[in-house]
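Heads up, the thing below is written out as structure tokens.
In the numbering used here, the protein residues as written are 632 to 789.
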């Protein structure tokens, strides 16, 4: 195998995987329709893929080379895949995570060799970004304050 003399910049491929994280958040929440080949997959599978791409972005940010990042992705993907049945998030999430990280390792290798980033569907990404702005991780956990409520009389009541 020949060595790559000069690696392309990590920023375009890291941006690509960040976009996939946003897209998969939209898919998992039902705002964006998944591609036809993933239409039958459950939301937990898509959330596993999204979490896997978050790990890929972190590996790209912390690695000294694209090859090191790809190797880390392979190791994480294989580790989660091997423990899928006993993983706390469940086998569907684990399968999604493994699919994302193992696929990302191949995408990183292709990018290192060619300098070409795979395309992202801009319309679906725009819809996912719009939806992500309106999603709250704490939605429904807190009851709203009643309007016109008087503040407590003493600090002890706060």
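For glycine and all other residues, C-beta sits at the position ideal for the given N, C-alpha and C. Nothing here was measured: the structure is a model prediction, and the numbers come from that model.
If you run the structure through DSSP and keep just helix, strand and coil, what is residue 742?
-> helix
With C-beta atoms as the reference, is residue 696 less than 8 Å away from residue 637?
-> no
Cβ-Cβ distance between residue 760 and residue 653 below 8 Å = yes
Spatial neighbours of residue 688 within its chain, please: CB distance less than 8 Å, with the 5 preceding and 5 following residues excluded, ordered by chain position.
-> 645, 648, 649 and 652
Proximity below 8 Å, CB of residue 660 to CB of residue 762 = yes
Rounded distance between the beta-carbons of residue 679 and residue 726, thought under 8 Å = 7 Å
Distance between residue 690 and residue 745 (C-alpha atoms, nearest Å) | 20 Å
Count the other CB atoms, across all protein chains shown, that sit within 10 Å of the CB of residue 686; report buried if there are 16 or more and exposed otherwise.
-> buried
For residue 711 versus residue 735, is the C-beta spacing smaller than 8 Å?
-> no
Segment limits, alpha helix (DSSP H) that includes residue 699 | 697 to 713
Got a sec? Which residues, its chain only, sit under 6 Å from residue 683 by beta carbon, not counting five neighbours each side?
-> 728, 731 and 732
Member of 672, 753, 751 and 739 whose CA lies at the smallest distance from the CA of residue 702 = 739
For residue 665, is the classification buried or exposed, using 16 other Cβ atoms within 10 angstroms of its Cβ as the cut-off for buried?
-> buried
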